[in-house]
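K.L.:
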Amino acid sequence: MKYLEQTNAIVLAALLPLTLAACTGATDQRQLHVTTNSQIPANIIPSDRDTAMSITLLGFEGCPLTPLMKERLEQAIRVVGRDLDLVQIDQQSLDSSDLRRGYPAPTVLVNESDLFGTEAPKTPSMGCRMYEGPDGVPSVSDLVDRLQEAFAQVADGEGGEG
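For the sequence shown, position 7 matches number 555 in the working numbering, and the numbering has no gaps at all.
(1) Once the 5 residues before and after Met674 are set aside, which same chain residues still bring their CB inside 6 angstroms of it?
(2) Quick check on the burial criterion: 16 or more other C-beta atoms within 10 angstroms. Buried or exposed for Ala703?
(3) For Val627 and Asp662, what's the separation of their Cα atoms in angstroms?
(4) Using the Cα positions of Arg630 and Val692, report the straight-line distance between them to the nearest angstrom.
(5) Between which two residues does the alpha helix (DSSP H) carrying Leu691 extend?
(6) Tell me which residues share the same chain as Leu657 and place their Cβ nearer than 6 angstroms to its Cβ, disregarding the 5 neighbours each side in the sequence.
(7) Here's the rule I'm using: 16 or more other beta-carbon atoms within 10 Å means buried, otherwise exposed. How should Gly607 be labelled?
(8) On the CB-based measure, 16 or more other CB atoms within 10 Å of its CB, does Asp633 come out buried or exposed?
Rendered as structure tokens:
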């Protein structure tokens, strides 16, 4: 029986990437690299990944929507199929003068611009953000659409700091 359980585990492990590819329509399984570091400078662009884009999730522990946004954003990045780093920054740990504290949480920045078009803050005061929709966070599908738009803008030379 133990051999059968091990064999089943091996078969499942081998089939999981194929199942994920079929579910998402992806043909190339890329990796998602998540970094949690509050002291990363605002102009970070990972050097060993897709350097045309940096994706940052801003949030803080007191914001109940940040974990849900992180989960959906990770799923969206996998669906898009790019080998990217997702940097998660705890806004509470940033220097009090850091303007990234002024974005409402949760916020997704692509090349330092808000993925949903909110202008860069002028003061570093923290707050919460509710997106349109039933649970206050964009759907995976909406995040995929916006990430693809951002990739297209970067490819056209339009992406960058906002």
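Quick reminder that beta carbons are idealized off the backbone N, C-alpha and C, glycines included. Here the structure is a predicted model, which is why all the values come from computation and not from measurement.
P.N.:
Let me spell this out:
(1) Within the same chain, Cβ atoms closer than 6 angstroms to the Cβ of Met674 are found at Gln639, Arg649, the five residues on either side in sequence being excluded.
(2) Around the beta carbon of Ala703, fewer than 16 other beta carbons lie within 10 angstroms, which makes this residue exposed.
(3) Linking Val627 to Asp662 through their CA atoms gives a straight-line distance of about 20 angstroms.
(4) Pairing Arg630 with Val692, the inter-Cα distance amounts to about 11 angstroms.
(5) In the DSSP annotation of this structure, the continuous segment of the alpha helix (DSSP H) that includes Leu691 starts and ends at 688-703.
(6) By the criterion of a C-beta distance shorter than 6 angstroms, Leu657 is surrounded in its chain by Thr604, once the five residues flanking it on both sides are discounted.
(7) Buried, because 16 or more other Cβ atoms sit within 10 Å of the Cβ of Gly607.
(8) Buried.
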